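To start, the structure itself, in structure tokens.
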Amino acid sequence: MLTARVIPCLDVQDARVVKGVRFAGLRDAGDPAGLAARYQDEGADEVVVLDVAATPRGRAHQLGTVRAVRSVLGIPLTVGGGVRSRADARALLEAGADRVAVNTAAVRRPELLTELADEFGVQCVVLALDARAVGDPRAGAAGRHEVLIRSGGEATGLGAAPWAARAARLGAGEILVTSHDRDGTRSGYDLELIAAVARAVPVPVVASGGAAHPEHLLAALRAGADAVLAASIFHDAEHSIHAVKEHLHAHGVPVRRADRLLRPIPPMHDVSC
Amino acid sequence: MSRSVAVDVHVVQTGVANLASVEAALARAGARALPTLDPAEVRDSARVLLPGVGAFGQAMAALRAHGLDQALRGRIAADRPTLAICLGLQLLAEASEESPGVSGLGVVPGTVRRLPDGVRVPQLGWNTIEAMPECTWLRSGCVCFANSFALREPPHGWRCAMATHGVRFVAGLERGAIVACQFHPELSGRVGHELLCRFVAAGTRAPC
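If you're matching them up, the sequences are chains A and B in order. For the record, in the first sequence the residue sitting at position 265 is 619 according to this note's numbering, with numbers rising by one throughout. For the record, in the second sequence the residue sitting at position 91 is 967 according to this note's numbering, with numbers rising by one throughout.
This is how it looks when you write it as structure tokens:
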């Protein structure tokens, strides 16, 4: 049986991990490769690196970060931030990403998703979808969340669930759905948003934005998410990934835990046969 | 195995991007990845890894364009250490629903089929595999998948590991020195690392 994934997210700027509160007020929190290796040892199922300030000038930094993280990481790595073209995606994949996440560029030019899927396969293409709650609560869940782009700076008028469904048809193999309202608030995921997107697509859905407690992750999985992403609760070591997975397991959610229970995992680069 | 002895693994470069994860994982297992499109190398070298990201039809076309289909069949017939990953496993089969009308390498009987509706496709993440007790390469454990297609029937003449995602499917195959994984050992943490170490040690005297 496929297990629920617990995914630490590294928000990276200029090759350093920072963390966002509503995408502003960033605070330095460490070295990407060191943090990724720590999370791997704690039982992370994959790692997401989002370059929160990816620009053409920042691209070299971003590729260097991906190479450094890849060299220590023996679990999947998704990278997003500023991906606008097949060439951008290819550069990240060649540097060591397993999947690339596309956000603004996919809204501006949805066929990019198809181009990426045709070239790299749907399993390499993640749609990152940022949304906020809007409008009339009687309009139904699908009409109650609007997609935002440019790190939340621009509203699109697109409904979250319809955009997710279209993106999956076009070639996105996974939807990473972030609540802009909840991000950094520590008030839990937007379960309505997650449930609406999870119902709308046949591909896996990753919940993001607002997690502060293992209960929040459990609630998102019960709302229909296939994976849960969080940043600050892991960065601050409030709750280790291991502890979170034990909590999920205790509540009947299948998670990967054998690696951890059989023996502690030394850092990958120190392992010899 | 001593870290100081670099073991070479020739990696078939079918033109589809992303060998970086495989190369990094081989490095952690003490091996050097050497990308190749040379049929003689693919047929005769000590260890060959057939990776696979991309579509069945494209990958078979790339193999045929370089004469690597015959080289791989020859290599497998001669039982030289070979590790096929993800699409690499599917390419060993006769055909795939992903690319109707395209013949696979035909080393493994059966047709690869799309995973069923009713579960998330692609299958992304960690799933439990059960290896037959007689398996020598594959071990039961939790490993990492990223696939929309899979072989469903255990093929005659091969030892198997099986898993379930909506339907039972072949998670791994082995026969002699040939091992094929529907999962990604390079992304499967310690379990995957240990499999790569066993493969890297193939044909050397070092125990692993």
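Just so it is clear, CB atoms sit at the ideal spot from N, CA and C, and this is done for glycine as well. For clarity, every value in this text was computed on a predicted model and none was experimentally measured.
Closest residue to B/GLU1029 among B/VAL1046, B/LEU913, B/ARG940, B/ASP920 (Cα-Cα distance): B/VAL1046
Segment contact, 8 Å Cβ cut-off, at least three pairs: the stretch 947 to 956 of chain B with the stretch 919 to 928 of chain B: yes
Inter-residue spacing [alpha-carbon to alpha-carbon] between B/LEU1033 and B/ARG919: The residue you asked about is not Leu; residue 1033 of chain B is Gly in the sequence shown. Spanning the two alpha carbons is a distance of roughly 22 Å.
Chain B contact for A/ASP580 (CB, 8 Å cutoff): yes
Assigned secondary structure, B/GLU970 (DSSP; H/G/I helix, E/B strand, else coil): coil
B/PRO1031 - DSSP class collapsed to helix/strand/coil: coil
CB contact check: B/TRP1013 to chain A, cutoff 8 Å: no
Length of the line joining the Cα atoms of B/ILE1005 and A/ALA604: 22 Å
Other residues of its chain near A/PHE588: CB distance less than 7 Å, five sequence neighbours each side excluded: PRO362, TYR393, ILE595
Three-state class that DSSP yields for B/TRP1002 in the structure shown: strand
Pair within 8 Å by beta-carbon distance, B/LEU967 and B/ALA935: yes
Contiguous beta strand (DSSP E) assignments of at least 3 residues, all confined to the stretch 484 to 533 of chain A: 499 to 503, 508 to 513, 528 to 533
Partner residues on chain A for B/PRO957, Cβ-Cβ distance less than 9 Å: Simply none; closest approach about 15 Å.
For A/ILE361: DSSP bridge partner residues: A/LEU583
Neighbour flag for B/GLN999 against chain A, beta carbons, 8 Å: yes
Complete alpha helix (DSSP H) runs within the stretch 402 to 472 of chain A (minimum length 4 residues, chain order): 413 to 426, 440 to 449, 458 to 462
Pairwise C-alpha distance: B/ALA1078 and B/VAL883: 10 Å
Whether B/VAL995 touches B/GLY1048 by CB criterion (8 Å): no
Minimum Cβ-Cβ distance from A/SER562 to chain B less than 8 Å: no
Bridge partners - B/CYS1020, DSSP secondary structure assignment: B/TRP1002
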